[in-house]
Every structure is written in C-alpha cells, then in structure tokens.
Amino acid sequence: ACYAASAVGYLTGRDIPPAVCLVVSGPGFLHALGGMANATINCWPLIVIGGSSDRNQETMGAFQEFPQVEAGRLYNKLSVRPSSLEVIPKKKAVRTSIYGRPGSCYIDIPGDFVNLQVNKSSVKYTECCLTRPISTAEPYAVSKAVSIIAHSKQPLLIIGKGAAYSRAENSIRKLVDLSGLPFLPTPMGKGVVPDNHPNCVAAARSTALQHADVIILLGARLNWILHFGLPPRFQQDVKVIQIDICAEELGNNVRPAAVLLGDINAVTEQLLEEVSKRLLKHPSNSEWWKKLREKITSNEERSKELALQKSLPMNYYTVFHHIRELIPEDCILVSEGANTMDIGRTMLPNYYPRQRLDAGTFGTMGVGLGFAVAAAMVAKNQKPEKRVICIEGDSAFGFSGMELETICRYNLPILVIVVNNNGIYAGLDASVWKEMLKGGDPTTCMPPVSLLPNSHYEEIMSAFGGKGYFVKTPEELQNALKASVADKQTPSLINVMIDPRSERKKQEFPWLTRSNM
Ligand code: ADP
34 ACYAASAVGY LTGRDIPPAV CLVVSGPGFL HALGGMANAT INCWPLIVIG
84 GSSDRNQETM GAFQEFPQVE AGRLYNKLSV RPSSLEVIPK KKAVRTSIYG
134 RPGSCYIDIP GDFVNLQVNK SSVKYTECCL TRPISTAEPY AVSKAVSIIA
184 HSKQPLLIIG KGAAYSRAEN SIRKLVDLSG LPFLPTPMGK GVVPDNHPNC
234 VAAARSTALQ HADVIILLGA RLNWILHFGL PPRFQQDVKV IQIDICAEEL
284 GNNVRPAAVL LGDINAVTEQ LLEEVSKRLL KHPSNSEWWK KLREKITSNE
334 ERSKELALQK SLPMNYYTVF HHIRELIPED CILVSEGANT MDIGRTMLPN
384 YYPRQRLDAG TFGTMGVGLG FAVAAAMVAK NQKPEKRVIC IEGDSAFGFS
434 GMELETICRY NLPILVIVVN NNGIYAGLDA SVWKEMLKGG DPTTCMPPVS
484 LLPNSHYEEI MSAFGGKGYF VKTPEELQNA LKASVADKQT PSLINVMIDP
534 RSERKKQEFP WLTRSNM
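Here the numbering used here runs 33 ahead of the position in the sequence shown, where the first position is 1.
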C-alpha cells in the first residue's frame, strides 16, 4: 500500500496533495518503512498516517508499542505527532512532501486521540497550502551554461525522473529539437522525450557517457545509476551542467561547471530562450553524432539477432521482442527484477512521460504489484482505456505476488507478465533440478538462488478469477498477449518460461563498475 501511495504521488503530480497511506501501529508501521524510504530516496511525495499506542501507556509495554516518530525520522522529510487534536488539520506535512525536493512525511496518531473529543470551534481549519513556488536559475548561470554547450564538441543531455515528475516534457522536447543535442533518458526519465526520437542515444549509453565532454543533467543525480559521474564511465574532465531544485545536490561527486538551481521546467524555458537567441544547434553531421549512430546501429543489430533466435526455451530478447510488437504504445509499464527489468528497459520503448515505474533509485524489489495497482487506479480516473502492463522477474514477483488478489478484487485490468527463469538471477532447468535432487535434502543440496522450476504462477491469477496463461513458445506467447490485450475487462497473468541460462548481451562494463574516486 505504501509503495502504491508513493507511485500515485509521482503519477498525479505535485499541485494536489499527494496520496496518503494509512497504517496500523508497530509492525504495520514497520512494514511501511520500506515504502517511506523508497519514496524519499526516489524524491516522490507521500504522506503516511500511522496509528500508535495510547500516550499514557508509553514505556509500559503497550500493544504494538514502538518509537514510531523517532524511527520515522530516518526515512521521512518530516516525522511528527500532533501535540493535540486541534492542530491536526495543519498543512505542514502536505507542504513538506511537495515543496523543494519531494519526499515522504509521517504523521503519528496515538490511539487515545481516536476517542478524544474537542470543541468544534477550537479546531484550526486552514486552507490547503499554496501550490509549490516555482524558482528560476540566475540569468548569469543560464548564460554560462549555454556558452559551455556552445563550446562543446560532444555534448549530452541526460533526462532523469525529476524531469518526468516536474512535467517538463514540453519544454525539454523543444530544447532537444532546437539544440539538436543527443539525449539519454535514465530508467524512469524514459518517455519525457519519446524513445523513438532521432536524438535518443539510449542504445549507445556507455559510449555516450564515456565520451561526452559536456553533460547537461536535467533532474537526475550522479549516483550509482549514473556511475557517480566518474571515470572509467565518464571523462575525467567532463563538464557537468547541473539543473536541480535541491541546492544540496549540486556538486555531489563531481564539481559542476555550471549550476542552475531551480525548477526544471522553468530553467529549461530559460535555456530555450538563450539557445534560440544564440541560434545554437549541434550539427547532425558532427563526428560525435557519427560515433553515436555507429554504436546505436551495432547495438541494435546485436539485440535484433538475439530477439530473432528460434531456439527453445526462449531468451529474454525474444520475449521482449514479442511483447513490444503486441502491447499498445500508450500504456504504463511497471517492471522489476534483475535481467527482466534491465533488458526490458532497453527493449521496450516509452513514448510518453511517467509511463515507466521500476525498482528506482533504491533498487527495491517488491514494488511492482503495488505500483501496478496505483497506476491502474490513476489510469481509471484519468484515461480508463490506458492499460497497465507489469513485467516481473519470477523472484521479484514473489515479493508481492499476493496483490493479485487486490487486482482481482477491484477488477483492475492489469496484465502481469512473469518472465520465469526458475530463480533469483537464474535458476535451474527442471531436468537439472531433478538430477540434483538425487543428492538428498533440497534444503542442503540446492543452490539458494534456485526457485522451484516451472512454477505455475498463472494459477494464482486464475484462483482469484483472472485469466492465467502458461507459455513456452513464441506462438503461445503471441496468442496469450493478443488475448490479454484484447480483453480490457479482466486481469491476466502470462507466465513465460525462458531459458534459465539466458543472459544479458555482453556489456562493456559490469553494471556496478567501481569508480576511480
Ligand atoms: P534518476 O533516477 O532518473 O536519475 P533522480 O531521482 O536521481 O533521477 O533525480 C531526480 C532529481 O530531480 C533529484 O535530484 C530532485 O531533487 C530533482 N527534482 C525533482 N523535482 C524537481 C523539479 N521540479 N525541478 C528541479 N529538480 C527537481
């Protein structure tokens, strides 16, 4: 529920109060801490209201007693207990969750508050807070940034989920078109500018990062996802132009050449004005573009080759190829898992902003089904025909798979696809499993990363009244996809068996490359 609430905050935007998650005391609160941490680390707004034990039983060993306000401080921008019933309607939590860098806020309501009575006239109702203030960057910094771009030979625009959250898609699209800059979206920055835009260099990610001489960072942090902005993944002397709403983020890990503190949309408008004044355009026939295009072509050919392999069991690329062919363009993609999420990100394009939800900055597994429920609820209110497709690795699915009941209870027409390789990262083929069982007790002779081979996850969906499909071949996969996409009323789950040995194509760098500090 807490993951779902945080996704609602991200998807619906900040000028309305974010979603609220209600939890019970003690363990209920503790189970929601993951959601609060995930929201704050993703910079998504959220409000959590938790019940707690009566104030006059504190330290006595009350039912589910736990120091919730103190525990909440590590994971929230604000963690408070109102001093009295009268002050509860104060708007500080809403304001704190959406102003500046968004994040989670926790409000603790002791049990005895529930039965307290107050005089209605003493309650201090206040209007909802003002919409968040929009700040722009210093004009000097804007002009400096554009001069740096003008002198660059190998510039690169990186678009992060901060840009998606702040709804800066129109201005950023204009900036890309006007400036001719190559751009690279981060996982959830995908779709701010459509992945099929000719300036998208996602298929040449490593080359683009490694050789760029100037990076314009729009709502993304130089954290592990972007290899800290350090060699060997980046040039030692790369000039970083950083645009962010959070002053403390500026200069983190790399000393920036220019800092533009302000709202992404407003600052992008400022950049647009300066770029058009100077008629700045990176030539589409530059050596840089040539290098990037060559890499894009060779990488795309390699993926295509893998996607068209006919051998059985299928590999990841074949599965994603068929998914891409058969799902609607305008759908929300939720994804988690290791290879499933990473390969899916490269194989499945996003054409619209805020239509990709995944494990995010915290790399949290278990968010998938909650995010899918949230996305379906938001779609139902905003655009009912929009489908939600939730693509899960089999081990990731295990974290929150029972939410299929929630999906069926509310009849949300989500399509869940489990890409099943029998394990965590990779499991064992059923025949190998059987052979190894001869070694004795499975608790001691089986690798801990192996899950039960050929588990019929689709039967959980059928148990709750949805449609389940177990598929092993491309034809079965195509048929199941066609049927699920066509049926706009019924939740469905396609359990796709793939080769447990299927891997990502060879990478230039391991995903967690150690950086040269
Ligand atoms: P990604 O995971 O896509 O790289 P991050 O979550 O690391 O993105 O970074 C998002 C950044 O966007 C954060 O540093 C956050 O402070 C910033 N941000 C969020 N909203 C805004 C906004 N309206 N204007 C400017 N920056 C914002």
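Ideal placement from N, C-alpha and C gives every residue a C-beta, glycine not left out.
Annotation for Q522: N444, P446 place their beta carbon closer than 8 Å to its own, counting only its chain and skipping 5 residues before and after. In the structure shown, L189 adopts extended strand secondary structure according to DSSP, grouped into three states.
Taking a contact to require three or more Cβ pairs closer than 8 Å, the stretch 483 to 495 and the stretch 313 to 320 do not qualify as touching. The stretch 458 to 506 contains, as complete beta strand (DSSP E) runs of 3+ residues, the segments 500 to 504 (chain order). At least one heavy atom of the ligand ADP falls within 8 Å of the beta-carbon of Y198. Per DSSP, D141 lies in no alpha helix (DSSP H); the unbroken beta strand (DSSP E) holding it starts and ends at 137 to 143. In this structure, the C-beta of V449 stays at least 8 Å away from each heavy atom of the ligand ADP. For S368, there is no enclosing alpha helix (DSSP H); the residue is found in the beta strand (DSSP E) stretching over 364 to 369. For P215, the closest of N203, I131, N232, L545 by C-alpha to C-alpha distance is N232. Across the structure, Q243 and K324 are spaced so that their CA atoms are roughly 12 Å apart. Around the Cβ of R387, a 10 Å sphere holds 16 or more other Cβ atoms; the residue is buried. By the Cβ criterion, the stretch 341 to 360 is in contact with the stretch 507 to 517, since at least three pairs of Cβ atoms, one from each stretch, lie closer than 8 Å. Secondary structure of K272 (DSSP, three-state): strand. Annotated three-state conformation of N528 is strand, per DSSP. Going by DSSP, E425 is part of the beta strand (DSSP E) stretching over 420 to 426. Contact between V271 and D246 holds, with the beta-carbon distance rounding to 6 Å and staying under 8 Å.
Proximity of the stretch 58 to 69 to the stretch 82 to 89 meets the contact definition, three or more beta-carbon pairs being nearer than 8 Å. In this structure, the C-beta of L44 stays at least 8 Å away from each heavy atom of the ligand ADP. Pairing N332 with N285 gives a Cβ-Cβ distance that is not under 9 Å. Fully contained in the stretch 200 to 285 are the following alpha helix (DSSP H) runs of length 4 or more, in chain order: 202 to 212, 238 to 244. The DSSP-derived three-state label of C161 is coil.
Contact check for I131 against P50 passes: the beta carbons are separated by less than 9 Å. Note that the C-beta distance between V300 and I182 is not below 9 Å.
Separation of the CB atoms of G460 and S483 is rounded to 4 Å, and the pair is thereby assigned contact status at 8 Å.
Rounded to whole angstroms, the separation of the alpha carbons of L149 and D363 is 49 Å.
The alpha-carbon separation between M69 and T397 amounts to approximately 12 Å. A distance below 9 Å separates the beta carbons of G133 and C279. If you check the CB distance, L526 and G499 come in under 9 Å. DSSP places L304 inside the alpha helix (DSSP H), whose first and last residues are 297 to 310. Exclusion of A174 from the 8 Å shell around the ligand ADP follows from its C-beta lying no nearer than that to any non-hydrogen atom of the ligand. The ligand ADP never approaches K110 closely enough for any of its heavy atoms to be under 8 Å from the residue's Cβ.
DSSP places C76 in no beta strand (DSSP E); its state is neither H nor E. Rounded to whole angstroms, the separation of the alpha carbons of A196 and Q303 is 15 Å.
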